[in-house]
Structure formats: structure tokens, C-alpha cells
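Undergrad: In the order they appear, the protein sequences are chains A and B.
Here the working numbering is used: the first residue of the first sequence is 79, the next is one more, and so on.
Here the working numbering is used: the first residue of the second sequence is 9, the next is one more, and so on.
Just so it is clear, CB atoms sit at the ideal spot from N, CA and C, and this is done for glycine as well.
Just so we're clear, the structure is a prediction, and the values are computed from it rather than from any experiment.
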Amino acid sequence: MTLAAAETAFRSVTQPRELVTVYVALKRFSIDDPQAVVFGALNGPDPARVLLIGEPGTGKSSAVHSALDGLSKMTGFACAPVFLTVGDVEVLKSGGAFLGHILQTLSAQADDYAGDLDAHDLERAAASTTTLADARVSQGGRVTAPAVSYTATLHELSKAHQIVTSQAKSTKALGSLVSELTERGYRPVFIIDDTEKFAARQDGTIDETAAADLFRHGVDALCAIDAAFDVVVAVQPRYLVEARVIDDYAQRHGFARVHVPHLPRGVEPRPLAEILQQRLYVKGIKTPLEELVDRDALVALETICGERAYDLRQVLNLASSAAVLARQASSPSVAAAHVFGAQDATPER
Amino acid sequence: MLILGEGGSGKSTTLNWLRHELQRRGGRVARVDAAAVGRDVLELLDGVRSELVVAFNDDLVARDRLTMPETIPPDASRGVRLVAEVRRLRVPENAYVLLDGMIDRETAFELFGRLRDELWALNLVWVVAARPQDAGPLRRPPADAFFAVVIDLSTLSDREVRAMSERVLRGVDRQTIDPHALPTVDTPRTVRGMLRWLEARLEHGQTDAPPPAFVRQERAARLGRPASMLVAELEARGEPVTAQDVELQRSLGWTRAHLQRWLARLEEEGLVRSFPDRQVGQGRPRKLFELVEGPGA
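What follows is the structure, encoded as C-alpha cells:
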């Protein structure tokens, strides 16, 4: 039964809330923790500009969500994240198109953007009304928090601002919206976490133009808005190599480069073991990891992790598949043979 | 989860079984035939939403939310519209989407690549079935990360072929037919068909019956739709053809070069053989192609 539960526990997670709960702070392993750096930047007095650089599956999204979660836990800090999905490269053709896309997105998705945050903060606020300084009890006795008001504010403001396409008008409209949000006590954070999604072609190569246009047109126009807000852009290192213009614009707008490091090997506690253990803990499995995963299996997973460019997502899924094989073989724990068996069972690309 | 398999390998059967099993355990399941609902992502998302409405039929709140009219601005860009349509799939509890026949590469790339993180944020477990030749965009970044598990149904092991023959053949046939001696027909559909054909041949004492056309068609289907079309044409004509055959080019809607390329491809795969046309007068003889007959064809 425990191995069966471990299969689920080890499997990579994708939902923002799950990413936060399973996150293991890298500073425990004496390496720079991107989550802490992003948190520090967003918590600073000046508008933050962060370029988060990391290979796929190494934890860029986890670092961002964990930093935002940390901020939302701070009393009186009304962080207002806006995750931007490009979806269609057409919106990168000009600064006006990109800002128009943001306005359209806010207008269409005003409820959704704060949706997750609301639920999250509501739960926390309901548990303790002192968690958030602004938390207040409404007449009906229900707890509301800044994030809840933020939803209404964003909805109201985005509907009020006309959808425009020229850059000058979009800049003005988005600037007014952001300023009004700021005046009402919110700190908008624009997060673009999908460079890879829109700039990768079907054949696996990079659409350099699309990657460059995000900065040349999109980020450039966004940063030109005269208002206080933060911007976080996540990219893979290969984009910086193949679309050098990204670096130029990042420097021009004062983006701090934050690298997501590889998991170190040969250190105690073993990072991968800690990560797997945390996942067991979150799922309520009290069995120690060493009783479920043999040391040889852990070494095999660490080796594969290195071979796969430290793509933790792949390695976690492999650990899960290995647990399936172990259970099917009626083994009490995952052995190295199960790890290699799971690796062999994955069809070649 | 991504299920890979050739035509006849059991993808749809697996999805049907999954639907039955998940529903038996109280799961909410939306089974969608990707090829039937349209090639555009927006149409596909609409098809998924329709099936989710059925799956949540007894949950009024969820059903109302799923059927709520969209509120996006009429002049919204495609990017905004796509994200909005994905977010309309939000459901209050975990549900399963079983997507069969994912054949359009652009749709696959757009949905599981460009919109990957939006899909991730939903309470939906996706099981997608596709042929290996259609799955390219699903196996490359960024869509590859979407699928935590990839299962290959393409090849049956000897043990599985034997198990199938045990089920399909009657006692007397089992002793007569050696499953190991079967030609390369490695999907359940073709193994089953071949066993049935052998059974019938034994029953009627036929020893020189032509190999079943379905084996050839299955093999052609694995090479892609053009190969299937060409084999079907050759079957229908029942006589050798040349790449210069204008009528054949017209009925396929192909250029001569394209026809030439696919005839060569079929020859490489052993589905057709070529020989010189001796009946032409002077000059270099044209190449004639005909379907290969025999158990391995």
C-alpha cells in the first residue's frame, strides 16, 4: 500500500499549489536558492525585474510560485500576480499588440487571475484572521483578504479600461490600470513563464524571432510604462544563446539574472532524497524514504538526473514508474533494477 | 499519459477499458474522439467541454460553470481566446479526459505545447492516444513534459501473440498453427485477423490463398496516409502500374514525383516490387510496380 501511495507522491506535480507544498528550499544544500532571490526582489522597495534562467524541469515555476506564496503569507503585503500566457506569437509583433494582449487578458480573465490566490488566501485567512493584516470580517461573518478585494478591483478596472491596439493608447491604459491598483495597495507582478511554449517550434528548434520579439516588443513596451510593478520572465539558457537580443533588452531594463542551479551531488543531506521525502510527507506517508527507496536506486536516480540535464520533472516521473515496477514485482522497496527497468520501458523519442 | 500505438494496436480499446474502469470507480470521464471534433484547438477544447458537461451531469454547479457563455471581448486575440477556452474547462473535482486519435500535429503542438501550463493548472488528468508517426510534437519540448508516462502499445511480445492465439484459435487449430511462424503482424488487430484467416484456410483446405489484404493495409497505414491511399489504389487496379501513369496520378491527386517517391517507399518496405517494362519499344524500359503477394506482405 505504501509503495502504491509513493507512486503518486513521487509523480511530478503541475498545479501551483502543489508546486508550493512540495518545494524544498535549495539553501539547505548550501547553494543559491532562486526562490529566496525572487522573493527578495519582489519584497524589495523598488520594482523588480527578474530574468529567471533554468533548464526545463529544474524548478523555475516552483521557485516563482514558492516566492509568491511566501509573499502572500506576509502580513499586509498584497501581492497581485498576473501570469501571462502568450498563446499566439502574433501578439509579439509589436509593443502595442503585446500590451493590448495584456489588457484583453486581464479583461477576459480578471476573475481567473486571482482565482487561485483567492482560494489559497481565503483558506489561510479563514484559519487565522491575523494572517493577513488587511484581513477583515465581512458583515456575513466571512473572512475576506486583500486578494479577494483585488479580484473585484482588477475586474472593475480592467472592464473600465477600453481595449486598444495602438501602443501609445495601450501604454496609457495599462499604466492607468497598474497605477490604480498600486494606489489601492496592491503590488502587481507580471510573470511570463512560458518563453519555451511559444518560442519552440514543432521540430524542437527555437523560433529566435518569437523569443527575441518577447523582449524587443513585449518586455520593452511593458517596462516603458511609468508605474510601479514587478516583472519576472523565465527562460531557458539556450534562448539566451540563440536569441542574444534577450540579454541586451534585459540589461537595458535592469533585469537581475537569477540562475536555477543544478542539484549538487555528493552532499549531505542528499537533495534528491530530501525532495522525495518531502513528497512522501506532503501525501501523509510517514514511512522513511530509505525503507521505500534503496540507496542503490537513489544513486541510479541521481545519475540519471545528471544525464538528463538535471530535469527533475523527468526524474520524479521515473521514480514513480520505478515504484510501480517494484510493487508489481512484490518488492518491499524500489531497487536500482526497477529504476533502470522504468527507464527502459519509456519508448524512444 | 501518452499512449502510443499503430492502427489496430489497441489504443481505442485501452481507452474504452479505462473509461469503463474509471467510471466503475466513480470517476468522471470525458472521452473525446479528436479526429471527429475538428482539427482546430478551439474546436477540440469545445469538444472536451461538451463531454465534461455530460460527465458532470449530476453536478449542477459544475455543469452551469462549464456551459456558462464566454465573456471574452469580441475582438480578443486568438491567444486570449485559447487561454479563456482552456480555463472554461475548470471543474470542481478531478476528472479524466481520454483523447483518442490525436492526429493533427499543429493541434497537438498548440494544445499540449503552447498551452501546456494552462492545462496543467486544471483538475484534469489527460490520457492521449496517438500513432507514433503523429506523436512527434508530443514527444518534443515543450509538450513532452506534459506527459508523465508514455506507454507503447505497438509491439506484441511472443508471449502476448501466443496468449492471443490461445484465445482466438480452437483446440485443433492451436496444434496446427505455430504462432511463432506468423509473419510480422504485431498488433492485436492484425494478429487476430491473421489467426482467423489461417483458421479459415485450414477449415477449407486452402493452401494457396492470397495473403489477407488487411495485413498489407495495416503495414501501409503505419507508413502514413499516402501509403494507405496508394496501396488501396493498387489493390483496386490489380495490375502493375508505373509512376508515369497519369490516371493513377489524377485519382490520387498527386504529382508524378510524389507518386514516384511513395512507390519507392513501398518498395523499400517490401510492400511492392518493381520490374522493367519489357513491352516498351526503344529506350530505357519503364519501371513497373506491383503489390507483393505472400504471407509477409
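(1) For residue 83 of chain A, which residues in chain B fall below 7 Å Cβ to Cβ?
(2) Are residue 130 of chain A and residue 141 of chain A closer than 8 Å when you measure CB to CB?
(3) State the DSSP-derived secondary structure class of residue 134 of chain B, mapped to helix, strand or coil.
(4) Report yes or no: is there a C-beta of chain B within less than 8 Å of the C-beta of residue 125 of chain A?
(5) To the nearest angstrom, how far is the alpha carbon of residue 210 of chain A from that of residue 152 of chain A?
(6) Residue 126 of chain B versus chain A: which residues are under 7 Å apart at the beta carbon?
(7) Would you be able to state if there are at least three C-beta pairs under 8 Å between the stretch 297 to 315 of chain A and the stretch 174 to 187 of chain A?
(8) Output yes or no for whether 8 Å exceeds the beta carbon distance between residue 436 of chain A and residue 114 of chain A.
(9) Quick check on the burial criterion: 16 or more other C-beta atoms within 10 angstroms. Buried or exposed for residue 217 of chain A?
(10) Quick one: is residue 148 of chain B near chain A, going by C-beta distance under 8 Å?
(11) Along chain B, which residues have their Cβ under 7 Å away from the Cβ of residue 276 of chain A?
(12) Between residue 338 of chain A and residue 112 of chain A, which are expected to be in contact by the criterion C-beta below 8 Å, what is the C-beta distance as a whole number of angstroms?
(13) By Cβ distance, which residues of its chain are closer than 8 Å to residue 128 of chain B, with the 5 residues on each side in sequence left out?
(14) With distances taken from CA atoms, which of B:257, B:135, B:161, B:125 is nearest residue 108 of chain B?
(15) Please confirm whether residue 399 of chain A has its beta-carbon closer than 8 Å to some beta-carbon of chain B.
(16) Helix, strand or coil for residue 265 of chain A? Go by DSSP, reduced to three states.
(17) Could you give the first and the last residue of the continuous beta strand (DSSP E) run that contains residue 331 of chain A?
(18) Going along the chain, which residues of the stretch 283 to 317 of chain A sit with their C-beta nearer than 8 Å to a C-beta in chain B?
(19) What does residue 94 of chain A touch in chain B if you count any residue whose Cβ is under 7 Å from its own?
(20) Mapping the DSSP letters down to three states, classify residue 101 of chain A as helix, strand or coil.
(21) Does residue 164 of chain B have its Cβ less than 8 Å from a Cβ in chain A?
(22) Along the chain, which unbroken stretches of the alpha helix (DSSP H) at least 4 residues long are found entirely within the stretch 246 to 325 of chain A?
(23) Can you tell me which of A:310, A:246, A:320 puts its alpha carbon nearest to the alpha carbon of residue 161 of chain A?
(24) Quick one: using the 10 Å Cβ neighbour count with 16 as the cut-off for buried, is residue 86 of chain A buried or exposed?
(25) In its own chain, which residues sit with a C-beta less than 6 Å from the C-beta of residue 358 of chain A, not counting the 5 before and 5 after it?
(26) Mind checking which residues open and close the alpha helix (DSSP H) that includes residue 171 of chain B?
(27) So, helix, strand or coil for residue 341 of chain A, using DSSP?
(28) Under 7 Å Cβ to Cβ from residue 354 of chain A, same chain only, skipping five residues before and after it: list those, please.
(29) Can a CB atom of chain B be found closer than 8 Å to the CB of residue 391 of chain A?
(30) I'd like to know if residue 99 of chain A contacts chain B, where contact means its C-beta is closer than 8 Å to some C-beta of that chain.
(31) Is it true that the stretch 310 to 324 of chain A meets the stretch 272 to 292 of chain A, where meeting means three or more beta-carbon pairs spaced less than 8 Å apart?
(32) Which term fits residue 301 of chain B, buried or exposed, when burial requires 16 or more other beta carbons within 10 angstroms of its beta carbon?
(33) Just confirm the distance between the C-beta atoms of residue 16 of chain B and residue 150 of chain B, as a whole number of angstroms; I'd bet it's less than 8 Å.
(34) Are the C-beta of residue 170 of chain B and some C-beta of chain A separated by less than 8 Å?
(35) If we count the other Cβ atoms within 10 Å of its Cβ and call it buried at 16 or more, is residue 99 of chain B buried or exposed?
(36) Identify the continuous alpha helix (DSSP H) that holds residue 156 of chain A and give its terminal residues.
TA: Quick look at the numbers:
(1) Start at 1 with the first residue of the first sequence, and residue 83 of chain A comes out as number 5. Simply none; closest approach about 16 Å.
(2) Residue mapping note: residue 130 of chain A aligns to position 52 of the first sequence, counting from 1. Residue mapping note: residue 141 of chain A aligns to position 63 of the first sequence, counting from 1. Against a cut-off of 8 Å, the Cβ pair of residue 141 of chain A and residue 130 of chain A comes out as a contact.
(3) Counting from 1 along the second sequence, the entry for residue 134 of chain B is found at position 126. Per DSSP, reduced to three states, the secondary structure at residue 134 of chain B is strand.
(4) Translated into positions along the first sequence, residue 125 of chain A becomes position 47. Output row for residue 125 of chain A: interface = no.
(5) Working through the first sequence from its first residue, we reach residue 210 of chain A at position 132. Working through the first sequence from its first residue, we reach residue 152 of chain A at position 74. In this prediction, residue 210 of chain A scores a pLDDT of 27, lower than 50, which makes its location untrustworthy; the coordinate-derived value is nonetheless stated afterwards. Spanning the two alpha carbons is a distance of roughly 7 Å.
(6) Here residue 126 of chain B is taken as the residue at index 118 of the second sequence, counted from 1. Within chain A, the residues near residue 126 of chain B are 163.
(7) At 8 Å Cβ cutoff, the stretches touch.
(8) Only positions 79 to 427 of chain A appear in the structure, and residue 436 of chain A is not among them; the question remains open.
(9) Here residue 217 of chain A corresponds to residue number 139 of the first sequence, with the count starting at 1. Because residue 217 of chain A carries a pLDDT of 30, less than 50, the predicted location of this residue cannot be relied on, and no value is offered for it.
(10) Against the second sequence, residue 148 of chain B aligns to sequence position 140. The beta carbon of residue 148 of chain B falls within 8 Å of a beta carbon belonging to chain A, placing the residue at that interface.
(11) Within the first sequence, the letter at position 198 stands for residue 276 of chain A. Those within 7 Å of residue 276 of chain A in chain B are 122.
(12) For the purposes of this step, residue 338 of chain A is taken as residue 260 along the first sequence, with counting starting at 1. For the purposes of this step, residue 112 of chain A is taken as residue 34 along the first sequence, with counting starting at 1. Confirmed, Cβ separation roughly 5 Å.
(13) Along the second sequence, read from residue 1 onward, the residue named residue 128 of chain B stands at position 120. Within the same chain, Cβ atoms closer than 8 Å to the Cβ of residue 128 of chain B are found at 154, the five residues on either side in sequence being excluded.
(14) Mapped onto the second sequence, residue 108 of chain B falls at position 100. Comparing Cα-Cα distances from residue 108 of chain B to each of B:257, B:135, B:161, B:125, the minimum goes to B:135.
(15) As a position in the first sequence, residue 399 of chain A is number 321, starting the count at 1. Proximity of residue 399 of chain A to chain B, defined by a Cβ-Cβ separation below 8 Å, is satisfied.
(16) Along the first sequence, one-based indexing puts residue 265 of chain A at 187. Three-state result, residue 265 of chain A: strand.
(17) Within the first sequence, numbered from 1, the residue matching residue 331 of chain A stands at position 253. It is not in any beta strand (DSSP E) - residue 331 of chain A carries neither H nor E in the DSSP assignment.
(18) Cβ contacts with chain B come from no residue of the stretch 283 to 317 of chain A.
(19) Numbered from 1 along the first sequence, position 16 holds the residue referred to as residue 94 of chain A. Within chain B, the residues near residue 94 of chain A are 129.
(20) Numbered from 1 along the first sequence, position 23 holds the residue referred to as residue 101 of chain A. Secondary structure at residue 101 of chain A: coil, using DSSP grouped into helix, strand and coil.
(21) For the purposes of this step, residue 164 of chain B is taken as the residue at position 156 of the second sequence. Not closer than 8 Å to any Cβ of chain A, the Cβ of residue 164 of chain B fails to qualify, so no.
(22) Counting only runs that start and end inside the stretch 246 to 325 of chain A, the alpha helix (DSSP H) elements of at least 4 residues fall at 273 to 277, 286 to 291, 298 to 301, 315 to 320.
(23) Walking along the first sequence from the start, residue 161 of chain A turns up at place 83. Nearest C-alpha to residue 161 of chain A: A:310.
(24) Counted from its first residue, the first sequence places residue 86 of chain A at position 8. Flag for residue 86 of chain A reads exposed.
(25) Along the first sequence, read from residue 1 onward, the residue named residue 358 of chain A stands at position 280. Once the five neighbours on either side are set aside, the close Cβ partners of residue 358 of chain A are 87.
(26) Indexing the second sequence from 1 puts residue 171 of chain B at position 163. Taken as a continuous stretch (DSSP letters only), the alpha helix (DSSP H) holding residue 171 of chain B covers 166 to 176.
(27) Looking up residue 341 of chain A in the first sequence gives position 263. Here DSSP, grouped into helix, strand and coil, assigns residue 341 of chain A to coil.
(28) As a working mapping, residue 354 of chain A is identified with position 276 in the first sequence. Non-local beta-carbon contacts of residue 354 of chain A in its own chain, meaning distances under 7 Å to residues more than five positions away in sequence, involve 88, 367, 371, 397 in chain order.
(29) Counting from 1 along the first sequence, the entry for residue 391 of chain A is found at position 313. So yes, residue 391 of chain A belongs to the interface.
(30) The residue labelled residue 99 of chain A in the question sits at position 21 within the first sequence. Chain B contact via Cβ: absent.
(31) Contact between the stretch 310 to 324 of chain A and the stretch 272 to 292 of chain A is present, because at least three Cβ pairs lie under 8 Å.
(32) The count along the second sequence starts at 1 and reaches residue 301 of chain B at position 293. Of the residues assessed, residue 301 of chain B falls on the exposed side of the cut-off, its CB having fewer than 16 other CB atoms within 10 angstroms.
(33) Taking the second sequence and counting its residues from 1, the one referred to as residue 16 of chain B is at position 8. Taking the second sequence and counting its residues from 1, the one referred to as residue 150 of chain B is at position 142. About 31 Å separates the Cβ atoms of residue 16 of chain B and residue 150 of chain B, ruling out a contact at the 8 Å cut-off.
(34) Counted from its first residue, the second sequence places residue 170 of chain B at position 162. False, the Cβ-Cβ gap to chain A never drops below 8 Å.
(35) On the second sequence, residue 99 of chain B is found 91 positions in, with the first residue counted as 1. Around the C-beta of residue 99 of chain B, 16 or more other C-beta atoms lie within 10 Å, and the residue is accordingly described as buried.
(36) Walking along the first sequence from the start, residue 156 of chain A turns up at place 78. Counting along the chain, residue 156 of chain A falls outside any alpha helix (DSSP H), and DSSP gives it neither H nor E.
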